[in-house]
Amino acid sequence: MRKKWFVTGTAMLVTMTMLAAGCSNGGNNVNNGGNEGAKPQESTAPVEESIKFPLEKPIELSIFAATDPQVKKDYNEMQMFKQLQEQTNVNVKWTMVSTEQLVEKKNITIASGQLPDAFFGRGVLRDEEVIKLSSQGALIPLEELIEEHAPNLKKVFEQRPEFKKQITAPDGHIYSLPTTVERDFNGIPSALFMNKKWLDDLGLAIPTTVDEFYNALKAFKENDPNGNKKADEIPFSFVFGNNSQNGPNALAGAFGIPNDDNRDHLYIDNGTVKYAPEQPEYENYVQFMSKLYKEGLMDQEVFTHNLNAYQTKIRSEVPQVGAFFTYSLGSVFGNVQNDYVAVPPLKGANGEQGWLRMPVGFSIGSFAITNSNKNPEITMKWIDSIYEEKQSFQFESGPFGLTSKENADGTIEKLTPPEGVAFGAFKHSEAPGNGAVTIVLQDMVDRYIDAQADEKRTYYNMYDPFAPKEILPSMLMTTEDIETLAPIQLDLGGPNGFYSSNFAQFVMNGFTHADWENYVAQLKKMNIDTYVSIYQKYYDAYKAK
Amino acid sequence: MLNRWKRHYELYLLLLPTLLYFAVFEYGPIYGLQIAFKNFAPFKGISGSPWVGFDNFLRFFDSYKFWDVLVNTLTISVYELLLFPIPVILALLINQLTSKRFKKLVQTVTYAPHFISTVVIVGMLNLFLSPRNGIINQLLETLGLETIFFMAKPDWFASIFVWSGVWQNAGWGTIIYLAALTSINPELHESAVVDGASKIKRILYIDLPSIMPTVIVLLILSVGNFMSVGFEKVYLMQNPLNVSSAEVIQTYVYKTGLIGAQYSYSAAIGMFNSIVNCLLLLMVNFLAKRFGQNSLW
Amino acid sequence: METWSRSRGDKLFDWTNIMFFLLILGIVIYPLYFIIIASFSDPDLVNAGKVLLIPQDISWIGYERIFGDAEIWNGYKNSIMYTVLGTIFRVSLIITGGYALSRKDLPMAGTLMLLILFTMFFHGGLIPTYLLVKELGMVDTMWAMIVPGAVSVYQLIIVRSFFQSNIPQEMLEAAMMDGCGNFKFFLRMVLPLSLPIIAVMVLFNAVAMWNSYFQALIYLNDASLHPLQIVLRKILIISEAQLDLIDASGDAAEEQKVSELIKYGMVVVSSLPVLVLYPFLQRYFVKGVMIGSVKG
Numbered sequence: 001m002r003k004k005w006f007v008t009g010t011a012m013l014v015t016m017t018m019l020a021a022g023c024s025n026g027g028n029n030v031n032n033g034g035n036e037g038a039k040p041q042e043s044t045a046p047v048e049e050s051i052k053f054p055l056e057k058p059i060e061l062s063i064f065a066a067t068d069p070q071v072k073k074d075y076n077e078m079q080m081f082k083q084l085q086e087q088t089n090v091n092v093k094w095t096m097v098s099t100e101q102l103v104e105k106k107n108i109t110i111a112s113g114q115l116p117d118a119f120f121g122r123g124v125l126r127d128e129e130v131i132k133l134s135s136q137g138a139l140i141p142l143e144e145l146i147e148e149h150a151p152n153l154k155k156v157f158e159q160r161p162e163f164k165k166q167i168t169a170p171d172g173h174i175y176s177l178p179t180t181v182e183r184d185f186n187g188i189p190s191a192l193f194m195n196k197k198w199l200d201d202l203g204l205a206i207p208t209t210v211d212e213f214y215n216a217l218k219a220f221k222e223n224d225p226n227g228n229k230k231a232d233e234i235p236f237s238f239v240f241g242n243n244s245q246n247g248p249n250a251l252a253g254a255f256g257i258p259n260d261d262n263r264d265h266l267y268i269d270n271g272t273v274k275y276a277p278e279q280p281e282y283e284n285y286v287q288f289m290s291k292l293y294k295e296g297l298m299d300q301e302v303f304t305h306n307l308n309a310y311q312t313k314i315r316s317e318v319p320q321v322g323a324f325f326t327y328s329l330g331s332v333f334g335n336v337q338n339d340y341v342a343v344p345p346l347k348g349a350n351g352e353q354g355w356l357r358m359p360v361g362f363s364i365g366s367f368a369i370t371n372s373n374k375n376p377e378i379t380m381k382w383i384d385s386i387y388e389e390k391q392s393f394q395f396e397s398g399p400f401g402l403t404s405k406e407n408a409d410g411t412i413e414k415l416t417p418p419e420g421v422a423f424g425a426f427k428h429s430e431a432p433g434n435g436a437v438t439i440v441l442q443d444m445v446d447r448y449i450d451a452q453a454d455e456k457r458t459y460y461n462m463y464d465p466f467a468p469k470e471i472l473p474s475m476l477m478t479t480e481d482i483e484t485l486a487p488i489q490l491d492l493g494g495p496n497g498f499y500s501s502n503f504a505q506f507v508m509n510g511f512t513h514a515d516w517e518n519y520v521a522q523l524k525k526m527n528i529d530t531y532v533s534i535y536q537k538y539y540d541a542y543k544a545k
Numbered sequence: 001m002l003n004r005w006k007r008h009y010e011l012y013l014l015l016l017p018t019l020l021y022f023a024v025f026e027y028g029p030i031y032g033l034q035i036a037f038k039n040f041a042p043f044k045g046i047s048g049s050p051w052v053g054f055d056n057f058l059r060f061f062d063s064y065k066f067w068d069v070l071v072n073t074l075t076i077s078v079y080e081l082l083l084f085p086i087p088v089i090l091a092l093l094i095n096q097l098t099s100k101r102f103k104k105l106v107q108t109v110t111y112a113p114h115f116i117s118t119v120v121i122v123g124m125l126n127l128f129l130s131p132r133n134g135i136i137n138q139l140l141e142t143l144g145l146e147t148i149f150f151m152a153k154p155d156w157f158a159s160i161f162v163w164s165g166v167w168q169n170a171g172w173g174t175i176i177y178l179a180a181l182t183s184i185n186p187e188l189h190e191s192a193v194v195d196g197a198s199k200i201k202r203i204l205y206i207d208l209p210s211i212m213p214t215v216i217v218l219l220i221l222s223v224g225n226f227m228s229v230g231f232e233k234v235y236l237m238q239n240p241l242n243v244s245s246a247e248v249i250q251t252y253v254y255k256t257g258l259i260g261a262q263y264s265y266s267a268a269i270g271m272f273n274s275i276v277n278c279l280l281l282l283m284v285n286f287l288a289k290r291f292g293q294n295s296l297w
Numbered sequence: 001m002e003t004w005s006r007s008r009g010d011k012l013f014d015w016t017n018i019m020f021f022l023l024i025l026g027i028v029i030y031p032l033y034f035i036i037i038a039s040f041s042d043p044d045l046v047n048a049g050k051v052l053l054i055p056q057d058i059s060w061i062g063y064e065r066i067f068g069d070a071e072i073w074n075g076y077k078n079s080i081m082y083t084v085l086g087t088i089f090r091v092s093l094i095i096t097g098g099y100a101l102s103r104k105d106l107p108m109a110g111t112l113m114l115l116i117l118f119t120m121f122f123h124g125g126l127i128p129t130y131l132l133v134k135e136l137g138m139v140d141t142m143w144a145m146i147v148p149g150a151v152s153v154y155q156l157i158i159v160r161s162f163f164q165s166n167i168p169q170e171m172l173e174a175a176m177m178d179g180c181g182n183f184k185f186f187l188r189m190v191l192p193l194s195l196p197i198i199a200v201m202v203l204f205n206a207v208a209m210w211n212s213y214f215q216a217l218i219y220l221n222d223a224s225l226h227p228l229q230i231v232l233r234k235i236l237i238i239s240e241a242q243l244d245l246i247d248a249s250g251d252a253a254e255e256q257k258v259s260e261l262i263k264y265g266m267v268v269v270s271s272l273p274v275l276v277l278y279p280f281l282q283r284y285f286v287k288g289v290m291i292g293s294v295k296g
């Protein structure tokens, strides 16, 4: 009895160890196999002019999809994909990965060497992944396939040649297809609001200059405008950090900084790329903010509170915040509050005026075909059918007849979800929604009836003339340049990096001109010039294309 | 030899499942260690990626934040280690509670914070320590003291981090000592009572020595865990004002990884950490042995 | 006279001790209480520091969202299954392995211990481990939750040192003299004497299994296998997701409040079941007292 135990045990040990050894080799073999399979374009037969959908003989693709967390069922069970399957006779085996798990799952999939036929979903591959994977031959070039099999995409490129420029890698090839919804009004993320009632009660006009703004804040602080006999007013608040909608960056415009995009702090001055926080004008901006802080005119928690705590302050039952930055009133209060008014760009001491502009969300790596795909032409034609204007719209916002309907005049109306279903869940019930690969151009966006968007449009129109006409587009870079930039970016602009911590210290504790010069010298040491020059190089190349 | 084997095969059988586990699941993937000396490219796999020697390590040592990050990590680690005796003391005192019900209540309540997620803990810290309406500052105000903007002061960071950790985990940490206390022979206490020893004396001369082996083993283990500062909590507690004391090795690695999924670089830093910890553990274990205390081997 | 003063000293000690723990209870209970009331009070008032003792503007929407999710019950079911099976598996390995390694007469015990200790510091990392688990066919099965990461070196060492200091050598020798084999000795003598440490290990592992998240994230693609922790985080993320491409996210403000409620509610929903476990284990902490009588 006991002997038997022992024999089985040893046998198990041996098998298990062998398994362990075997599988590590197994993994490597798979990798090698993957590499050999490169360059499928040459290996496939000359392009047949006519791929006819629906295909006579169905094919199957395995696709890795980044999905929105609100998606609750398999893509194959969604109305939009069922329709697509009928139109094309392409069957898809989906590997669906919710975005919050994307990083880990994607890296494992890639590292285990078993590539899917394609990657699908908004932002499924980051820019540097597109470059890295393509440089290893894992992604195939798409430009010829687009030419032959993607009429819808070609139409988009004719209307928006810049899209094609943006997705073209430094080596001249296109390895991935984009997703974008052209909500132009989102190009100006933030608006400045002030409490109109307080201004009226104190007999003040809406400020037009930095000085008037300062005086209004001072009046807010000193005169108990909410009338509760407590000095609980916060004259001015915002969220510092990587939050463009609620951050104060647009204020820099009044000090002569054309743009202060907090992702990279770069702007273009007559074709020259410049780093805002090292400009002499920036010193004045920070000095002004520091003055507000010192005199108690600014919320002392701007560097520490999070978005929820911030919005709570704005929504406070007895109003407490006099001036604040945010996307729209609707996004904070749920509706438009007449007590608050959007303030046009303030004028600086020398009459400078400016406002923050950022690129509208454009994700380069939203669809890519891998070298293990045996049917790249069909795959291209398949994805192109999603790029058709109305298809795109429905893949993003749900099928017509369910979440929205098309009116006779061409406008699109939102339909309300059934009782007890949140709109987000409704939208993602029959379409991939936020995880879709889609291009919805402005014309289509404008046809959608949306009161929230209309509110935002009014702010957009107000600030648009003052925001810079030209900003840095998203561009693909070479691996070497990415690797040079990464450490600089991390130390400088990373979360709580050099820029943020210095800005915060300067504002809270004040600073002298010598401190500023010291800080600029430090920036130079951290290779700020290299940083700027790399962007300059790509910007020039982009202009030349 | 055969005889000896025969005597022990039952023991080996008991050990076998555990050994199998370590052979397969720990030593099976161990070839992954080489990643720290390579420039890992996911698509090439671990064995296919090029060797880079100590580049990843050197890059870390050369980074401009290296010393700051190291000092911060060490500060927090030493601070945590100094508070190591707290659960021991708590356990000794809980053990002395005479009312069984009260004892149970104390135990259940002090374990509970262990289950609170880090996000919520940090959320509460921000809320309670807020300079405007946080409960702590309201208290300070009513006592006529000056309010403190805790989260904005780099000097406060380590204390807030470590003491909130004590609040969350000290109760949970008593479990192991309480279990050790149960194995004390009650006769020892009985005869001590007869001899007229006070409670405090009995704690010092009976309870403490009895659980000392456990205490020493846990102390050695926590030294072996020295530089592993809880990443998520530090990361969530950071802001641009306290970052000068709040950047630790773990958060720095995370941020570096964020930018380019730099497996090799983070593996190298992880290995550096492990080597330091491993050396510390060996050292403490040696000392424990030297002083005739319980040691790991 | 001396007896009197001694007992007075002990009484003083007892009272101080009680007062001390009352203070501790106060410090610990308040934040716990706060989490509970914050999970159903208006988040704006919570964030404004106005909910301190009494819940205000009560709203159950956080819990409605959590329990309204179709996946939540399945998550509970899975978590209970993983916790029960995983705990049994892990504790068996740790106790048997820990005992064998505690025996000083076991040839090679020291070497094996060093090899095991090595893995406390050095691992192959995520990718090789994933490949292994995948090759063993465990991906998308419950085994991926139970087997990988089963034995913690830390716990193995604790258990080993418990055996070393609590199972007297003489007892083993006496048993061997009587012709008792190692198995029998382990089952009849060691196990009954180790109830406290077993209880501790059950508690540690059950809690770890219950809270485990990363393993599910890596190894389980099939949503029907997801444990509670994954489901809860997903619910939280959905409520935080504000990025809508076509809409100007109309209910962003409302959703944000819900996400605050869910955050606190999650603590309650996920930790209550484990807290309930404790009283059942507690009696084993007392049973260990037996050791003394056996020794004597």
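Chains as they are written, first to last, in UniProt numbering: chain A, 1 to 545; chain B, 1 to 297; chain C, 1 to 296.
In this text, a Cβ means the ideal position worked out from N, Cα and C, and glycines have one as well.
Cβ-based neighbour list, Ile108(A), same chain, cut-off 6 angstroms, excluding 5 preceding and 5 following:
none
Margin query: If you follow the alpha helix (DSSP H) that Trp210(C) is in, where does it begin and where does it stop?
Written below: 195–211
Quiz prompt | Any C-beta of chain B under 8 angstroms from that of Thr95(A) | solution = no
Contact set for Pro207(A): own chain, Cβ-Cβ below 7 angstroms, skip 5 residues either direction
Phe213, Ala216, Val343, Leu346
Q.
Measuring alpha carbon to alpha carbon, tell me which residue in Ser164(B), His189(B), Tyr265(B), Phe291(B) is nearest Gly230(B).
A. Ser164(B)
Next item on the list: For Lys234(C), return the contacting residues in chain A, with the cut-off set at a CB-CB distance below 8 angstroms.
Entry: Pro69, Ser98, Glu100
>> Against Ile108(A), what residues of chain C qualify as contacts under a CB-to-CB distance less than 8 angstroms, listed in chain order?
In response: Leu126, Ile127, Tyr130, Ile218
Rounded separation between Val285(A) and Ile268(A) - CA only:
Going by the sequence as given, residue 285(A) is Tyr instead of Val. Distance between the alpha carbons of Tyr285(A) and Ile268(A) is about 19 angstroms.
Next on the checklist: What does the Cβ neighbour count give for Glu480(A), buried or exposed, with the cut at 16 atoms within 10 Å?
Outcome noted: exposed
- Outcome for Ser245(B) when other beta-carbon atoms lying within 10 angstroms are tallied against a minimum of 16: buried
Mapping the DSSP letters down to three states, classify residue 550(A) as helix, strand or coil.
Any answer about residue 550(A) is impossible in this case: the structure gives chain A only from 1 up to 545.
* **As assigned by DSSP and simplified to three states, the class of Ile234(A)** => strand
In the DSSP assignment, find the alpha helix (DSSP H) that holds Leu188(B) and state where it starts and stops. 186–194
*asked:* Buried or exposed, going by whether 16 or more other CB atoms sit within 10 Å of the CB of Met444(A)?
replied: buried
**Q.** Proximity to Val267(C) [Cα-Cα], best of Phe286(B), Arg132(B), Thr118(B)
**A.** Thr118(B)
Next item on the list: Within the same chain, show all residues whose beta-carbon is closer than 8 angstroms to that of Ala100(C), passing over the 5 residues directly before and after it, in chain order.
Entry: Leu106, Ala109
For Phe157(A), which residues from the same chain have a beta carbon less than 7 angstroms from its beta carbon, with the 5 sequence-adjacent residues on both sides left out?
Phe163, Lys164
Among Ile200(B), Glu80(B), His8(B), nearest to Ile160(B) - alpha-carbon criterion = Glu80(B)
Along the chain, where does the beta strand (DSSP E) that runs through Trp94(A) open and close? 90–98
Ile471(A) versus Arg357(A) - alpha carbon distance
8 angstroms
May I ask you to list, following chain order, the residues of the stretch 70–83 of chain C that have a beta carbon less than 7 angstroms from some beta carbon of chain A? none
Practice task
Run through the stretch 105–135 of chain A for me and flag every whole beta strand (DSSP E) of 3 or more residues, listed as ranges in chain order.
Solution key: 118–120
Considering just the uninterrupted stretch of the beta strand (DSSP E) at Ser62(A), what are its terminal residues? 59–67
(message) So, with DSSP's three-state summary, where would you put Asn221(C)?
(response) coil
Q | Contacts of Asp491(A) in chain B (Cβ-Cβ under 9 angstroms) | A | Ser63, Tyr64, Lys65
Would you be able to state if there are at least three C-beta pairs under 8 angstroms between the stretch 191–205 of chain C and the stretch 51–67 of chain C? no
- Taking just the CA atoms, how far does Asp195(B) sit from Gln95(B)? Residue identity check: residue 95(B) is Asn in the sequence provided, not Gln. Straight-line Cα distance between these residues: approximately 21 angstroms.
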